[in-house]
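Numbering-wise (full-length UniProt numbering), the sequence shown opens with residue 1 and increments by one.
Ideal placement from N, C-alpha and C gives every residue a C-beta, glycine not left out.
Below is one structure, written out as structure tokens; the observations come after it.
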Amino acid sequence: MPRPFTESAHQLIWRRGHEVLAIQPWGRDSVRVRAGVHHILDGLPGALDAEPPAPDGARVEIGADQATLTCGMLTVTVTAEGLLTATRSDTGAELLREEPAHFWWPGSRHFEAAGGGHHRIEQRFAAYDGERIYGLGQHGHGRFDQKGMVLELRQRNGEVTIPFAVSSRGYGLLWNSPAVGRVEFAANGTRWVADQARQLDYWLTTGATPAEILSHYADATGHAPRLPSWASGFWQSKLRYESQEELLGVAREYARRDLPLSVIVVDYLHWRHIGDWDFDHDAWPDPHAMVDELRRLGVEPAVSVWPSVSPLSANYGPMREAGLLIATESGAAVHAEWPDGESDSDIGVAFYDATDERARDWLWDQLYEHYYKAGVRIWWLDACEPETRPGHAHNLSFAAGPGSEVANLYPREHARGVYEHMQALGETEVLSLSRSAWAGSQRYGVALWSGDIPATFDALASSVRAGLNVAMSGMPWWTTDIGGFHGGDPDDPAYRELIVRWFQFGAFCPLFRLHGHRDPRVNRSFVGVSGGPNEVWSFGDEALQAITDMMGLRERLRPYLHDQLRDGERTGLPLMRPLLLEFPGDAAAWAVDDQFMFGRDLLVAPVTAPGARSREVYLPAGASWTHTDTGVVHLGGTRVTVDAPLNRIPLFARDDARLPIHP
């Protein structure tokens, strides 16, 4: 019988029958694992940058019954039967291992033919008692630890698939496939599934700490650029400002009240037709003059950009003829239905194909002509999952491949087009506020936000955990709709309490942004869809005082925020940090899911329950902690209960840190 192992250019190759397994060094303490039927394909859509040089000391050793590849602190062993185990090179500790589903069939890797060279692919690993799993994008299930969860690998409004997991066992795993599927972290095994793909592909890393694992991930998928200077200030938004004069009136009122305002948002329906990517000049008669006035007030405008195209838009016909819209495997290329123009009736709309470079160029030409020339530099990439209705990715056909195989890639490629065109024009401060993302989105200046979540305390609590998992997914820029998106009556005392508590949390998110569809909702026609008032003075005097206190604190902390993010550009560390990132040696810190570090030196403990006027806070071991309200110093490794009146959020400074918490 021929030996199953060979070595080729630092790669360890295993073959049995028609299956091929290839393992190669891919960055510090990291390997890329690919498996396929007949051969290994290069150039498939994924998240990894160009292949890095093999690290010094990477080596392959082939024996009679097994072979190993060592890359720094990571060693991968493959048995003659093809089973893979990853261990730490220094200690020999097992990180994870493949485990077959059955003693005969299927094995740990399973390829089920789907036609045309595609397969339904499964990858199985053993389960470990006590393991914790973090990352994997943004989900609304309200948990930080993902162990025990089944997660769809599919983009939806508020549900963002970034298939990168960080384990308490000391490894990080990127499922390097944009295919629709799922991952299961069950008690009897972990299983990754791609519904349709051409080969199995994942990247595996280890590190001494979770922070080191995130650093390796940034090296492999791209580091975030510098956060623009204006982006850390306050963002004002609502659904929706219906005219240029209404929007300018709000900006002028902020200036009159001497309240800090950095960005104001022109939301959807500022166009005449979906896919015009232009202002409706009846309501927005002089965008250039509007931008000039905003800049004199120290405010940057952001504009909503949808990726959908109505047949009533001037772009629809030429884009369809040029093949720049997403195709379908069967039926007409209609991906969603929206009212458009003056009609309340639904019209079938398509989406442009962001995986096609030609389509990204076309979109940019429109953005440049109608927005950029008027001075707009900030893009709100809404509905970019894309928000197809119904969301049957299996019927979509992209330039990059079948929807089943590549659909999750869409939001990243959408942001990529904007980022690369802005860079080509010499722009150095690029940020796109995006409702969805995929692995590697961070390198294209994407700031992810929480999507259309409800205006409830439960949603606030879930948002804290969602933001922590986004941070563990390699996305350093994240924000939430302060106050929630769906609902909220500005005159309701209960909602006023919620908006204050949400502002206190929002002030310590990487982006500080108010948005929502408030009551009373106006729905004269689709064109008239709007919401009630949503400015900081809309919620009564008591709330306004508490809100403006937080706005002032945010302004004072902006230099600190940028210092922390500049360090993160190099290290891959986010601004909003779960306690385990700063205190990995404290076992209790791994379980804390309702507190976080704002950079290195400030611990934040949001209040997320109605009526609460105190809360318990865990102070990690390895530091001393000064309660910023009282000045009392506490030892780490302890739990304290502190007062939290409506106008205060519990904050603790680390060791000797001196931060401008008080005016």
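Check, Outcome
"Distance between Trp537 and Gly611 (C-alpha atoms, nearest Å)", "22 Å"
"Separation of Gly117 from Leu69, as counted between CA atoms", "29 Å"
"Closest Cα partner of Leu468 within the set Glu51, Glu19, His102 and Ile133", "Ile133"
"Bridge partners - Tyr171, DSSP secondary structure assignment", "Thr206"
"Top-ranked residue by Cα proximity to Thr209, from Glu242, Ala187, Arg226 and Val166", "Val166"
"Continuous beta strand (DSSP E) stretch holding Pro301: start and end", "Glu300 to Val305"
"Completely contained beta strand (DSSP E) runs for the segment 6-60, where each covers 3 or more residues", "11-16, 19-25 and 30-37"
"Rounded separation between Glu337 and Ala350 - CA only", "9 Å"
"Ranges of the beta strand (DSSP E) found wholly within the segment 626-650, counting only runs of at least 3", "633-635 and 638-643"
"Extent of the continuous alpha helix (DSSP H) run through Pro287", "Pro287 to Arg296"
"Supposed contact pair Thr626 and Ala609 - C-beta distance, whole angstroms, cut 8 Å", "Actually they do not touch by this definition, with Cβ atoms about 25 Å apart."
"Segments of 3+ residues assigned as beta strand (DSSP E) that fall wholly inside the segment 61-100", "66-71, 74-79, 84-88 and 94-97"
"Touch test, the segment 158-173 against the segment 222-235, Cβ-Cβ under 8 Å, three pairs minimum", "no"
"Burial state of Lys238, where buried means 16 or more other Cβ atoms lie within 10 Å", "buried"
"Range covered by the alpha helix (DSSP H) that runs through Met475", "Unbroken run through Met475: none, as it is neither H nor E."
"Exposure of Arg358, with buried meaning 16 or more beta-carbon neighbours within 10 Å", "exposed"
"Bridge partner(s) assigned by DSSP for Gln138", "Val160"
"The segment 281-290 / the segment 318-332 touching (three or more Cβ pairs under 8 Å)", "no"
"The segment 464-479 / the segment 138-146 touching (three or more Cβ pairs under 8 Å)", "yes"
"Whether Glu616 touches Arg639 by CB criterion (9 Å)", "yes"
"Whether Ser243 touches Ile274 by CB criterion (9 Å)", "no"
"C-beta atoms of Leu84 and Leu21 nearer than 9 Å", "yes"
"Closest residue to Glu245 among Glu293, Glu405, Val263 and Asp201 (Cα-Cα distance)", "Glu293"
"Which of helix, strand or coil DSSP assigns to Phe457", "helix"
"Alpha carbon of Gly440 to alpha carbon of Gly483, nearest angstrom", "29 Å"
"Given 8 Å, three or more beta-carbon pairs between the segment 294-309 and the segment 371-389", "yes"
"Cβ shell of Ala197 (< 7 Å), same chain only, five flanking positions each side left out", "His118, His119, Ile121, Ser177, Ala179 and Glu405"
"Host beta strand (DSSP E) of Gln196 (start-end)", "Gly189 to Ala197"
"Touch test, the segment 2-22 against the segment 76-90, Cβ-Cβ under 8 Å, three pairs minimum", "yes"
"Reference Asp340, options Arg360, Ser313 and Trp362, closest by Cα", "Ser313"
"Helix, strand or coil at Asp361 [DSSP, three-state]", "helix"
"Length of the line joining the Cα atoms of Trp26 and Glu51", "7 Å"
"Residues that Asp382 bridges to, as DSSP identifies them", "Per DSSP, none; premise fails for Asp382."
"8 Å contact criterion, which Pro510 and Leu575 should meet: CB distance rounded", "5 Å"
"Nonlocal neighbours in the same chain, by C-beta distance under 6 Å from Ser30, ignoring five residues either side", "Thr205 and His216"
"Range covered by the beta strand (DSSP E) that runs through Met422", "Here Met422 belongs to no beta strand (DSSP E); instead the alpha helix (DSSP H) covers Tyr410 to Ala424."
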